[in-house]
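Each remark here refers to the structure printed beneath this line.
Written out as C-alpha cells, the structure is:
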C-alpha cells in the first residue's frame with residue numbers, strides 16, 4: 138500500500154487527538170500501529186500528534202521499517218536500552234503537555250513502567266498522562282477501497298475452501314479434521330491462516346455458539362454447522378457460517394433454518410447508511426421472536442470485521458450509534474435449542490453510500 | 138487431569154497471596170485461569186483467596202465448566218448482567234479488605250471499569266485494590282509430571298513433522314508452504330496448531346531472527362533455517378530450531394554452525410538446579426565471543442516454555458535468579474551475519490533434581 142494511505146489515516150487521527158484535547162497519543166496496539174503506518178511487526182509503538190510522528194521499535198525491525206514505512210521517522214532501540222526508557226526518551230523529546238495512552242490496550246503494569254520512566258527524564262514533571270480508549274478503532278470502522286478489496290479476497294478464499302471441503306466431506310472425518318482441512322485449503326489459496334479457530338459442530342453441538350471443534354465424526358449426525366473465515370497476509374479477514382445437511386434432517390431443523398434465513402434476509406435488508414445499529418438487530422430479531430424462538434437467539438446480530446475478527450460497529454439490542462458507509466459487518470442470526478441443535482447463517486455485508494452490498498455469495502440452502 | 142492437581146496449584150498460590158499481604162487475587166489471565174482450574178474457555182476470571190474460590194464466567198460456558206472443573210464454585214452471568222457488574226458483585230460478596238489484580242494482564246481501561254463497578258456495591262468503600270504482577274507465572278515456571286509429559290509429546294510431534302517435511306522437501310516449495318506443511322503434519326499427529334508462526338528462512342533471510350516465512354523458494358539458496366513447534370490441545374508447547382543444508386553450503390556457514398553447536402552444548406552442560414540464569418547464558422556466549430562472533434548473537438540464550446511459548450525463566454546476560462528443578466527451557470544460541478545468513482540451534486531442556494535432561498533428540502548436523 139502506498140504511504141499516502143497511511144498519511145490520510147494519520148491525519149484523520151490528528152483530528153481525534155485534537156478533539157480529545159491532548160497533544161499526542163502513544164499508540165501501542167499492534168493492529169493500530171499497523172493500520173496507521175503499514176508496519177507489520179510487533180513490540181513497537183507510534184507516538185503521534187500535531188508536532189510529532191515517530192515509530193518506536195528495536196533493531197530486529199530496522200530493515201523491515203525502512204521497507205514498509207518509507208519516510209516515517211523511526212527510533213530504533215539496541216539491546217542496551219530498556220523498552221520503557223526508550224519510550225520515555227522519545228516522549229520527553231517531544232514534550233507533549235498532555236499525552237494520551239491507549240487505555241484499552243496498555244496494562245496497568247506497563248503504564249506504571251512508562252510513567253516511572255517518564256518521571257526520570259528532564260521533561261518528567263511537565264507531562265500529564267490521560268487514558269483514552271478506542272480512538273484508532275473509530276477510524277478502523279470505516280474501510281477504504283483497498284481494505285474492501287482485501288476483505289473481498291478473504292471472503293472469496295474462505296468460500297472456495299468451503300466448496301472444496303464440502304466436495305470431499307465424508308462421515309469418517311472428525312470436526313477437528315474438517316477445521317484443519319479448511320485452514321489448509323485457505324492457505325493454499327493465499328490466506329495466511331484461519332481468521333479464527335473454525336467452529337465445526339456436528340449435531341447437537343451446533344447448539345453451543347462458542348463450541349470448539351472436537352473429535353465428533355461428521356457421520357454421527359445428519360447435519361453440521363461450520364463457522365470459518367480466512368485471514369490474509371495483510372491482516373484482513375472474512376467470517377462466514379453455514380449449516381450443512383449430510384442426510385435427511387429432522388423437520389424441526391428445517392423449520393429453524395427457514396426462520397433464521399428469513400431473519401437474516403430481514404437484517405440485511407435493514408442495512409443502509411444511517412440505520413441505527415439496534416434497529417438492524419431488531420429487524421432480524423423480530424422474525425425469530427415472531428416464530429416463537431426469541432429466547433433461543435442469545436447473541437447480537439453481527440459485528441464489524443477488519444484487522445480483527447470482532448470490531449466496531451456491533452449490532453445488538455443495546456448498541457448505540459448508526460451504520461456508516463464503509464462499515465463491513467457480519468449478519469449472523471441464530472437459533473440454538475439445547476440438546477437438539479442450532480442454526481446460524483452468516484454473511485459479510487458492506488455498507489455503501491446508498492445501501493448495502495452483500496460481499497459473500499455461497500448458497501444458503503440446507504444441502 | 139484430575140482436580141487434585143489443580144487444588145495443589147491453588148494451594149501454592151494461596152501462599153503467594155499471603156506473602157503479598159492481600160486477601161484475594163482476581164486472576165484474569167486466560168492461561169492462568171486454565172492453569173489453576175483446568176477450564177479451557179476464555180473471558181472468565183478466578184477470584185481466589187484463603188476464604189474464597191469462585192470461577193466467574195457466563196452462560197456459554199456453563200456446561201463446559203461442569204465438565205472441566207468438577208467441585209469448583211462458579212458464578213454464571215446471563216446476557217442481562219454486564220461483565221464488570223458480575224465481577225463486582227462476586228468481589229463484594231467475598232469482601233476482601235485488600236484485593237490484588239493481575240496488573241500485567243488487566244488493562245488500564247478494564248481496571249477503571251472494575252473499580253467503578255466495585256464502588257457502586259455496598260462493599261465498595263471497604264475494598265482496597267493492589268496491583269500484583271507475575272504471580273501465577275511464578276508457579277507456572279515449575280512443571281509437574283503431567284506438564285513434562287505433555288511437553289515431551291509436543292516435542293515428539295514437532296520432531297516427527299520435521300522429519301516428514303525434510304523427506305518431502307523440494308526446491309520449488311516456498312518458505313510459507315513449508316511452514317504450512319509443518320503445521321498440517323503436526324495437526325495430523327495430534328497437535329492443536331503450531332506453537333507459534335513457524336520461521337522458515339531461506340539463505341540470507343536466516344540472518345533475521347524474527348523473520349516471517351515468505352515467498353522465497355527453498356531452491357534459491359543452499360540452506361534454510363527452520364524454527365517451529367507444536368501446541369497440544371492441552372496448551373503445552375515445544376520450540377525447536379535447526380538449519381538444513383540443501384546443497385553444498387559456503388565454508389563460512391559451516392564454520393558458524395560449528396561455533397553455534399559448540400556454544401549450545403556448552404549452554405546445555407551448564408544447566409543444573411541452582412545455576413544462575415546469567416551464567417548459563419554466558420557459558421554459551423563465551424564460545425561465540427571467543428570465536429569472534431560476539432557482536433552477532435543479539436538475543437538471550439533461552440526462555441521457559443509451557444502454556445505460553447515465552448515464559449519464565451529467561452536466560453540472558455542481565456537475568457537475575459537461578460534455574461530450579463521443573464523448569465523447561467529452550468537453549469538457542471545463534472550467530473547472524475547480515476546479508477549472508479544465520480545459524481541457530483535450539484533444543485528444549487528439563488532441569489532435573491540433579492542436572493538436566495535434553496527432551497528433544499533431532500540430529501544437529503548440517504545435512
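Protein chains in written order, with my numbering: chain A, 138 to 504; chain B, 138 to 504. Backbone N, C-alpha and C fix where the C-beta goes; we use that ideal spot for every residue, glycine too.
Item                                                                                                                          : Value
Enclosing alpha helix (DSSP H) for residue 152 (chain B) [first to last residue]                                              : 140-156
Minimum Cβ-Cβ distance from residue 248 (chain B) to chain A less than 8 Å                                                    : yes
C-alpha distance - residue 370 (chain B) paired with residue 208 (chain B), whole-angstrom precision                          : 23 Å
Extent of the continuous alpha helix (DSSP H) run through residue 456 (chain A)                                               : Element bounds for residue 456 (chain A): n/a, residue is neither H nor E.
DSSP beta-bridge partners of residue 483 (chain B)                                                                            : B:378
Residue 405 (chain A) beta carbon less than 8 Å from that of residue 486 (chain A)                                            : yes
Residues sharing a beta bridge with residue 265 (chain A), DSSP                                                               : A:235
Identified DSSP bridge partners for residue 221 (chain B)                                                                     : None; residue 221 (chain B) has no bridge partner.
Selection of the stretch 231-244 of chain A by Cβ proximity to chain B, strictly under 9 Å                                    : 238, 239, 240, 241, 242, 243, 244
Rounded C-alpha distance that separates residue 476 (chain B) from residue 381 (chain A)                                      : 51 Å
Proximity of residue 226 (chain B) and residue 258 (chain B) at Cβ, strictly below 8 Å                                        : yes
Residue environment, residue 467 (chain A), which counts as buried when at least 16 other CB atoms sit within 10 Å            : buried
Extent of the continuous beta strand (DSSP E) to which residue 211 (chain A) belongs                                          : 210-214
CB contact flag (residue 276 (chain B), residue 150 (chain B), <8 Å)                                                          : yes
Distance between beta carbons of residue 352 (chain A) and residue 313 (chain A), contact taken as under 8 Å                  : 7 Å
Listed by chain order, chain B residues near residue 347 (chain A) by CB distance under 7 Å                                   : 197
Sufficient close CB pairs (3 or more, under 8 Å) joining the stretch 293-305 of chain B to the stretch 260-276 of chain B     : no
Residue 233 (chain B) and residue 193 (chain B) closer than 8 Å at C-beta                                                     : no
Minimum Cβ-Cβ distance from residue 140 (chain A) to chain B less than 8 Å                                                    : no
Element boundaries [alpha helix (DSSP H), containing residue 373 (chain B)]                                                   : Per DSSP, residue 373 (chain B) belongs to no alpha helix (DSSP H) and is neither H nor E.
8 Å Cβ cutoff met for residue 189 (chain B) and residue 161 (chain B)                                                         : yes
Contact set between the stretch 318-345 of chain A and chain B, restricted to residues whose Cβ is under 7 Å from the partner : 321, 324
Residue-chain proximity (residue 270 (chain B), chain A), Cβ-Cβ < 8 Å                                                         : yes
Cα-Cα separation, residue 164 (chain B) to residue 435 (chain A)                                                              : 27 Å
Beta carbon proximity, residue 223 (chain B) to chain A, threshold 8 Å                                                        : no
DSSP three-state assignment for residue 307 (chain A), whether helix, strand or coil                                          : coil
Same chain, Cβ closer than 7 Å to residue 222 (chain B), five either side skipped, listed in chain order                      : 254
Residue 348 (chain B) in three-state terms, based on DSSP                                                                     : coil
Cβ of residue 216 (chain A) within 8 Å of any chain B Cβ                                                                      : yes
Chain-ordered neighbours of residue 435 (chain B) on chain A, where CB pairs are closer than 9 Å                              : 196, 197, 215, 216
Host beta strand (DSSP E) of residue 493 (chain B) (start-end)                                                                : 493-495
Beta-carbon spacing of residue 397 (chain B), residue 482 (chain B) below 8 Å                                                 : yes
CB-CB length for residue 444 (chain B) against residue 171 (chain B), believed under 8 Å                                      : 7 Å
According to DSSP, residues forming a beta bridge with residue 189 (chain B)                                                  : B:186
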